[in-house]
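Peer 1: Numbering (my numbering), first residue to last: 2 to 319.
Virtual Cβ for every residue (Gly too), placed ideally from N, Cα, C.
Have a look at this one before I ask anything.
So this is what it looks like as structure tokens:
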């Protein structure tokens with residue numbers, strides 16, 4: 002468990018407002034802000050929940066429920082962008098250990114709150130609750146007008162590191178995609194065809210010898226926020242190495258904007274046998290369910306969860 006001393010960097014904005022009610026309607030009107038820049042800025046507005054649990058996490062249904070409700074109706078999204086739902090697909094990447102390890106990855110254009118997805122979510126939740134160890138992330142998406150839509154644009158994205166590691170990435174925020182693509186040596190205009198989150202996956206694959214440094218270096222490309230979940234899987238001598246990185250950074254010139262900070266802030270949430278790092282709306286709902294929730298520091302904060310020989314090692318990303 003994380004103690005108060007470890008949380009010396011935790012940040013709790015005084016003006017934070019809680020929205021914990023559930024809604025049974027969806028507003029589809031979008032009033033996105035115009036991009037007043039010659040640079041291509043792809044905006045990805047998403048809700049994300051990364052988690053880790055040592056055994057049979059019985060609080061998992063509440064985490065899934067909070068993600069579904071936040072994706073269906075998000076008041077922070079409405080305040081900032083004029084839309085209310087994350088309706089452009091959802092996906093997940095999970096490592097589940099029961100006798101042996103299993104990697105589960107999927108993405109779909111169906112909204113996570115679509116009744117078609119309930120069967121899938123029920124099955125996933127049961128697998129996690131029956132596991133000895135589990136960790137990973139789930140991600141629901143709302144794409145701005147400048148972003149590509151379609152199945153290939155749904156998170157997460159997979160790339161392969163220099164050492165053969167499988168790297169799976171989900172992201173919330175916007176980057177200077179053209180600049181990142183240029184530094185990656187991509188074809189001009191490539192950033193207009195793919196979400197900047199895909200470029201992040203390519204960047205991390207190229208620089209995976211030091212994942213924490215690579216993630217922090219992405220701050221230099223951040224337009225609004227770098228809220229990122231990264232699952233790394235590798236196999237050495239028939240033994241799996243699994244790592245989960247969760248990190249948040251909000252751009253310097255955005256932290257004084259209450260609406261931006263309310264939407265992009267991330268929270269650490271804890272209840273019994275389950276720990277999670279989640280988007281703001283999810284954090285508020287979990288707190289209403291009785292979870293212990295604390296905001297992460299918006300100038301760069303996160304966790305590295307390493308799974309080795311049946312055990313977790315959790316360290317703070319400074």
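#1: What does the Cβ neighbour count give for residue 201, buried or exposed, with the cut at 16 atoms within 10 Å?
#2: Determine the direct distance from the alpha carbon of residue 189 to that of residue 126, and round the result to whole angstroms.
#3: From this set, 208, 120, 182, which residue's C-alpha is nearest residue 196's C-alpha?
#4: From residue 123 to residue 129, what does the alpha carbon distance come to, in whole angstroms?
#5: Between the C-alpha atoms of residue 303 and residue 178, what's the straight-line distance to the nearest angstrom?
#6: In chain order, which beta strand (DSSP E) runs of at least 3 residues are fully inside the region 226-275?
#7: What did DSSP end up calling residue 173 once you bin it into helix, strand or coil?
#8: When DSSP builds the beta bridges, which residues end up paired with residue 314?
#9: How would you label residue 312, buried or exposed, when you count the other beta carbons within 10 angstroms and need 16 or more for buried?
#10: Looking at the structure shown, is residue 85 part of a helix, part of a strand, or coil, going by DSSP?
#11: Can you tell me where the alpha helix (DSSP H) holding residue 108 begins and where it ends?
#12: Following the continuous alpha helix (DSSP H) through residue 67, name the residue where it begins and the one where it ends.
#13: Return the CA-CA distance between residue 99 and residue 131, expressed in angstroms with no decimal places.
#14: Excluding the five sequence neighbours on either side, which residues of its own chain have a C-beta within less than 6 Å of the C-beta of residue 114, listed in chain order?
#15: Excluding the 5 residues preceding and the 5 following residue 219 in the sequence, name in chain order all residues of the same chain whose CB lies nearer than 7 Å to its CB.
#16: The beta strand (DSSP E) that contains residue 139, what's its start and end?
#17: May I ask which residues mark the beginning and end of the beta strand (DSSP E) holding residue 160?
#18: Going by C-alpha distance, which of 273, 265, 149, 185 is nearest residue 290?
#19: Using only the alpha-carbon positions, how far apart do residue 198 and residue 316 sit?
Peer 2: Let's see:
#1: The count along the chain shown starts at 1 and reaches residue 201 at position 200. So residue 201 counts as buried.
#2: The count along the chain shown starts at 1 and reaches residue 126 at position 125. The count along the chain shown starts at 1 and reaches residue 189 at position 188. Each residue's Cα considered, the two are about 42 Å apart.
#3: Your numbering for residue 196 matches position 195 in the chain shown. Measuring from the Cα of residue 196, the nearest candidate turns out to be 182.
#4: Stepping through the chain shown from its first residue, residue 123 is reached at position 122. Stepping through the chain shown from its first residue, residue 129 is reached at position 128. The straight-line gap from Cα to Cα measures roughly 10 Å.
#5: As a first step, residue 303 must be located in the chain shown, where it is residue number 302. As a first step, residue 178 must be located in the chain shown, where it is residue number 177. Looking at the two C-alpha atoms, the distance is approximately 23 Å.
#6: 228-237, 240-249, 267-272
#7: Position 172 of the chain shown, counted from the first residue, corresponds to residue 173. Here residue 173 sits in strand by DSSP.
#8: The count along the chain shown starts at 1 and reaches residue 314 at position 313. According to DSSP, residue 314 bridges with 307.
#9: Position 311 of the chain shown holds residue 312. It is exposed - the Cβ of residue 312 has fewer than 16 other Cβ atoms within 10 Å.
#10: For this step, residue 85 is matched to residue 84 along the chain shown. The three-state reading of DSSP puts residue 85 in coil, since its state is none of H, G, I, E or B.
#11: Residue 108 sits at position 107 when you count from the first residue of the chain shown. Not the alpha helix (DSSP H): residue 108 falls in the beta strand (DSSP E), residues 101-109.
#12: As a working note, residue 67 is residue 66 in the chain shown. Element bounds for residue 67: 61-73.
#13: Position 98 of the chain shown, counting from 1, holds the residue named residue 99. Position 130 of the chain shown, counting from 1, holds the residue named residue 131. Their backbone Cα atoms lie some 8 Å apart in a straight line.
#14: Against the chain shown, residue 114 aligns to sequence position 113. Excluding positions up to five away in sequence, the list reads 69, 72, 73.
#15: Residue mapping note: residue 219 aligns to position 218 of the chain shown, counting from 1. Cβ neighbours of residue 219 beyond the five flanking positions: 201, 204, 227.
#16: Working through the chain shown from its first residue, we reach residue 139 at position 138. Start and end: 134-144.
#17: Against the chain shown, residue 160 aligns to sequence position 159. From DSSP, the beta strand (DSSP E) with residue 160 extends over 158-161.
#18: Counted from its first residue, the chain shown places residue 290 at position 289. The candidate whose alpha carbon is nearest that of residue 290 is 273.
#19: If you number the chain shown from 1, residue 198 lands on position 197. If you number the chain shown from 1, residue 316 lands on position 315. Distance between the alpha carbons of residue 198 and residue 316: 24 Å.
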